[in-house]
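>
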Amino acid sequence: MERLEFEFAGGKPVAARNKPVLAGVLGSGNLEVLVEPADLKGRVRVEVETAARGFGPIWQAVLTDVFERWKLGNIRISINDAGATPAVVALRLDQALQEYAGGDA
Amino acid sequence: MSSWSEATARQRIAGLLDAGSFIEFLPPERRAVSPHLRELGQPAAFDDGVAVGRGTLDGQTVLIAAQEGAFMGGAVGEVHGAKITGLLERARTERPAAVLLLLESGGVRLHEANAGLIAVSEIMRAVLALRAAGVPVIVLNGGRYGVFGGMGITTCLCDTLIMSEEARLGLSGPEVIETTMGVEEFDAADRALVWRVTGGKNRTILGEATLVADSIDAFRAALVAAMQPKPLTLETLEAEHATLGNRLDRFGDMEDAVDIWAAMGIDNPQRLPLLDTDAFLQAVKGAGA
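Just so you know, the protein sequences line up as chains E and B, in that order.
As numbered in my numbering, residues -3 to 101 make up the first sequence, in order.
As numbered in my numbering, residues 8 to 296 make up the second sequence, in order.
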């Protein structure tokens, strides 16, 4: 298992009233994404625990792409991964962020 | 009409209960995770593979637990089991209209060894204590992993079982039987055999389950009709034992569920696995184990 942490500059802070959101399931080839409000001075923090070691640069690339599309701030994202492919990771993050932001984004 | 077997545990809860009524206890952001899996170098799910909470069904308050089969086959670890036991114990004081167990589990999570075994036995004790207090405990079994091992036993301790054709119920799983007793005893690769023996249709014919189609709406409709406690007394237990003893006398030597269906007088039993739910229920009407 490998633990990875990333930070992004973020964007528009989402109101702290937004409730935490869980998307996906920690099953083979899948991942679960938990999005929570956090006072991070507008930044985004992502913590990943993954069963597959050695994929840090790919996580960096996928997450960079996702947060170029989602300009949200003050959120903490926690991911448990059981070997999801990059496309699945991006789609799951889109799903979670869409639900989290609701009409607020 | 959305499929039960394809839904996640949380989608099943959302589809079953009155919209927006579910309040989760120990939600994912509380991170009640397994202390054992990280020691073994495995990612641990935020909810340890089970969601528990309170909601309403047709306006009646229920407590509900849903196992997530996609996480470790729904296997019961220490935290997972404690969440279900805690829910059942809470029901003794809250006295909801029913406790709903949306099960999908291979049984004990072997990674957690004795902690998992103890967790399952605590669930069983809590189910019986709750039934003795007169609160019905209802199992909904429609997941693709089925319900086996300790959760199979737990299912048989509850008031009512609602099950789809695609779901399975057993004690030892097919591969466990094949590994320990040999392929002559049970061929786990023969999927038709596995479903004939452990699937929802056979459980219904044997009087153990109410069969529904694989949809969340069908489970909900059957559930609304089933929210009654069944008496748990010495007399009911003795009657149950007599029924099971009689079943063993009549069918104990048979090799396949089809032989049992024929012995029960069901016409042309080979066709049963191919019938849809309504046609099947029509075909077995009046047959009794």
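For each residue, glycine too, the CB sits at the ideal point set by N, CA and C.
Spell out whether any CB of chain E is found under 8 Å from the CB atom of Glu85/B.
Here residue 85/B refers to the residue found at position 78 when the second sequence is read from its first residue. Not an interface residue.
> Who pairs with Met170/B in a beta bridge, going by DSSP?
As a first step, residue 170/B must be located in the second sequence, where it is residue number 163. Asn148/B, Leu218/B, per the DSSP bridge assignment.
> Leaving aside the five residues before and after Pro182/B along the sequence, list all residues of the same chain whose C-beta is less than 6 Å from its C-beta, in chain order.
In the second sequence, the residue the question calls residue 182/B occupies position 175. It should be pointed out that residue 182/B corresponds to Glu in this sequence rather than to Pro. So the qualifying residues of the chain are Ala195.
> Please determine, among Ala86/E, Val84/E, Ser74/E, the residue with the shortest C-alpha to C-alpha distance to Val17/E.
Locating residue 17/E in the first sequence gives position 21, where the first residue counts as 1. It is Ser74/E whose Cα lies nearest to the Cα of Val17/E.
> What are the partner residues of Thr63/B, as DSSP defines its beta bridges?
If you number the second sequence from 1, residue 63/B lands on position 56. Per DSSP, Thr68/B.
> What number of angstroms, rounded off, separates the C-alpha of Ala73/B from the C-alpha of Gly259/B?
Start at 1 with the first residue of the second sequence, and residue 73/B comes out as number 66. Start at 1 with the first residue of the second sequence, and residue 259/B comes out as number 252. Approximately 34 Å, taken between the alpha carbons.
> Skipping 5 residues on each side, what residues in its chain have a beta carbon closer than 7 Å to that of Ser10/B?
Here the question's residue 10/B lines up with position 3 in the second sequence. The answer, listed in chain order, is Asp221, Ser222.
> Spell out whether any CB of chain B is found under 8 Å from the CB atom of Pro82/E.
Locating residue 82/E in the first sequence gives position 86, counting from the first residue. For Pro82/E, the answer is no, since every Cβ of chain B falls outside 8 Å of its Cβ.
> Gly60/B to Glu36/B, Cα distance in whole Å?
One-based indexing of the second sequence puts residue 60/B at position 53. One-based indexing of the second sequence puts residue 36/B at position 29. Taking the straight line from one Cα to the other gives about 14 Å.
> Looking at Leu176/B and Gly217/B, is the spacing between their C-beta atoms short of 8 Å?
The count along the second sequence starts at 1 and reaches residue 217/B at position 210. The count along the second sequence starts at 1 and reaches residue 176/B at position 169. Looking at the sequence provided, one finds Thr at residue 217/B rather than Gly. No, the Cβ-Cβ distance between Thr217/B and Leu176/B is not below 8 Å.
> Is any beta-carbon of chain B found at less than 8 Å from that of Ala92/E?
Position 96 of the first sequence, counting from 1, holds the residue named residue 92/E. No, Ala92/E lies away from the interface with chain B (no Cβ there is under 8 Å from its Cβ).
> Quick one: which unbroken beta strand (DSSP E) runs of 3-plus residues sit fully inside the stretch 173 to 227 of chain B? Chain order, please.
217 to 219, all fully within the stretch 173 to 227 of chain B.
> On the CB-based measure, 16 or more other CB atoms within 10 Å of its CB, does Met188/B come out buried or exposed?
Taking the first residue of the second sequence as 1, we reach residue 188/B at position 181. Its Cβ having fewer than 16 others within 10 Å, Met188/B is exposed.
> Rounded to whole angstroms, how far is the Cβ of Ala82/B from the Cβ of Ser41/B, which I believe are closer than 8 Å?
The residue you call residue 82/B lines up with position 75 of the second sequence. The residue you call residue 41/B lines up with position 34 of the second sequence. Ala82/B to Ser41/B, Cβ: 10 Å. No contact.
> Taking one C-beta from the stretch 25 to 35 of chain E and one from the stretch 84 to 98 of chain E each time, how about it: are there three or more such pairs within less than 8 Å?
Yes: at least three Cβ pairs fall under 8 Å.
> Quick one: residues in its chain with C-beta nearer than 8 Å to the C-beta of Ser12/B, no 5 flanking neighbours on either side, listed in chain order?
Start at 1 with the first residue of the second sequence, and residue 12/B comes out as number 5. Gly149, Gly150, Arg151, Ser171, Glu173, Ala174, Asp221.
> Along the chain, where does the beta strand (DSSP E) containing Val31/E start, and where does it finish?
To locate residue 31/E, count along the first sequence from 1; it is residue 35. Unbroken beta strand (DSSP E) run through Val31/E: 27 to 33.
> Looking only at C-alpha atoms, which of Arg41/E, Leu22/E, Val21/E sits nearest to Leu68/E?
Within the first sequence, residue 68/E is the residue found at index 72, counting from 1. Looking at the Cα atoms, Arg41/E is the closest of the given residues.
> Is the Cβ of Thr187/B closer than 8 Å to any Cβ of chain E?
Along the second sequence, read from residue 1 onward, the residue named residue 187/B stands at position 180. Taking Cβ atoms only, chain E never reaches closer than 8 Å to Thr187/B, which makes this a no.
> Note down the Cα distance separating Gly272/B from Thr211/B, rounded to an integer number of angstroms.
Locating residue 272/B in the second sequence gives position 265, where the first residue counts as 1. Locating residue 211/B in the second sequence gives position 204, where the first residue counts as 1. Answer to the nearest angstrom: the Cα atoms are 15 Å apart.
> Asn253/B: buried (16+ other C-beta within 10 angstroms of its C-beta) or exposed?
Within the second sequence, numbered from 1, the residue matching residue 253/B stands at position 246. Exposed, by the Cβ-count rule.
> With 8 Å set as the bound, which would you pick, yes or no: does the beta-carbon of Leu36/E sit closer than that to a beta-carbon of chain B?
Residue 36/E sits at position 40 when you count from the first residue of the first sequence. Cβ-Cβ to chain B under 8 Å: no for Leu36/E.
> Tell me, to the nearest whole angstrom, how far the beta carbon of Arg198/B is from that of Leu137/B; I am working on the premise that it is less than 8 Å.
Here the question's residue 198/B lines up with position 191 in the second sequence. Here the question's residue 137/B lines up with position 130 in the second sequence. Not quite, the Cβ-Cβ distance comes to about 36 Å (not below 8 Å), so this is no contact.
> Residue range of the alpha helix (DSSP H) that Asn253/B falls in?
Looking up residue 253/B in the second sequence gives position 246. Run containing Asn253/B: 241 to 258, per the alpha helix (DSSP H) assignment.
> Select from Lys237/B, Gly141/B, Gly76/B the residue whose C-alpha is nearest the C-alpha of Leu110/B.
By one-based count along the second sequence, residue 110/B stands at place 103. Ranking Lys237/B, Gly141/B, Gly76/B by Cα distance to Leu110/B puts Gly76/B first.
> Just the chain E side, please: which residues come within less than 7 Å of Ala52/B by C-beta, in chain order?
Against the second sequence, residue 52/B aligns to sequence position 45. Near Ala52/B (Cβ distances below 7 Å), the residues of chain E are Leu22, Glu28, Asn76.
> On the CB-based measure, 16 or more other CB atoms within 10 Å of its CB, does Leu22/E come out buried or exposed?
Counted from its first residue, the first sequence places residue 22/E at position 26. Buried: at least 16 other Cβ atoms inside 10 Å.
> Opposite Ser112/B in the DSSP bridges: which residues?
As a position in the second sequence, residue 112/B is number 105, starting the count at 1. According to DSSP, which records beta bridges pairwise, Ser112/B is partnered with Val154/B.
> Give me, in chain order, the residues of the same chain whose beta-carbon lies closer than 7 Å to that of Leu288/B; leave out the 5 immediate sequence neighbours on both sides.
Sequence index remark: in the second sequence, residue 288/B carries index 281 (1-based). Closer than 7 Å at the Cβ level, and outside the excluded window around Leu288/B, lie Leu218.
> Got a sec: is the Cβ-Cβ distance from Pro16/E to anything in chain B below 8 Å?
The sequence position of residue 16/E within the first sequence is 20, counting from 1. It does: the Cβ of Pro16/E has a partner Cβ on chain B nearer than 8 Å.
> By alpha-carbon positions, which one of Lys8/E, Arg72/E, Leu93/E, Ala48/E ends up nearest to Ala80/E?
Taking the first residue of the first sequence as position 1, residue 80/E is located at position 84. Residue Ala48/E is the option with its Cα nearest to Ala80/E.
> Cα separation between Gly84/B and Thr161/B?
Position 77 of the second sequence, counted from the first residue, corresponds to residue 84/B. Position 154 of the second sequence, counted from the first residue, corresponds to residue 161/B. Between Gly84/B and Thr161/B, the C-alpha separation is close to 15 Å.
> Would you report the Cα separation of Gly8/E and Arg97/B, rounded to the nearest angstrom?
Counted from its first residue, the first sequence places residue 8/E at position 12. Counted from its first residue, the second sequence places residue 97/B at position 90. Here residue 8/E is Lys; the residue named in the question, Gly, does not match the sequence. If you take the alpha carbons of Lys8/E and Arg97/B, they lie about 42 Å apart.
> Please classify Lys208/B as buried or exposed, where buried requires at least 16 neighbouring CB atoms within 10 angstroms.
Mapped onto the second sequence, residue 208/B falls at position 201. Buried.
> With which residues is Asp77/E paired in a DSSP beta bridge?
Along the first sequence, one-based indexing puts residue 77/E at 81. Asp77/E pairs with Leu27/E, Thr46/E.
> Glu1/E: which of Ile54/E, Tyr96/E, Arg65/E sits nearest, CA to CA?
The residue you call residue 1/E lines up with position 5 of the first sequence. For Glu1/E, the nearest C-alpha among the options comes from Ile54/E.
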